[in-house]
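In my numbering, the protein residues as written are 85 to 168.
First comes the structure, then the notes that go with it.
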Amino acid sequence: MVKTYARGVKPVDMVNYRHAHKIDDFHYKVYGRDGNPYTLFVVVDKKRKVLITIACPCEIGLHNGLCFHKTVVVRRLLREKQIV
């Protein structure tokens, strides 16, 4: 069971509450505040350690906005030193 969060919880706090689960080299799963999973598509240039693209199917992500789902994945990539 995935914990859900009310709309009153700030997105900055959601970044700290959620984790990115690696599916494969190009996909990560992040659970939203409502408990629904979002599968993000990620492309990293491993040689240069640069993030090429990240796409999220949430409403903000579909409009190329920076949603907390993307931020959670980027935080994991930085922590694992896959990007700099």
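The beta-carbon is built from N, C-alpha and C at its ideal position, and this holds for glycine as well.
In the three-state reduction of the DSSP assignment, F110 falls in the coil class.
Comparing alpha-carbon positions, the option among L124, R163, A139 and M98 lying closest to K133 turns out to be R163. DSSP lists V134 as the beta-bridge partner residues of D129. According to DSSP, residue pairing for H105 in a beta bridge involves K113. Annotation for A104: Y112, V114, V156, V157 and R160 place their beta carbon closer than 7 Å to its own, counting only its chain and skipping 5 residues before and after. Exposed is the label assigned to H147, since fewer than 16 other Cβ atoms lie within 10 Å of its Cβ.
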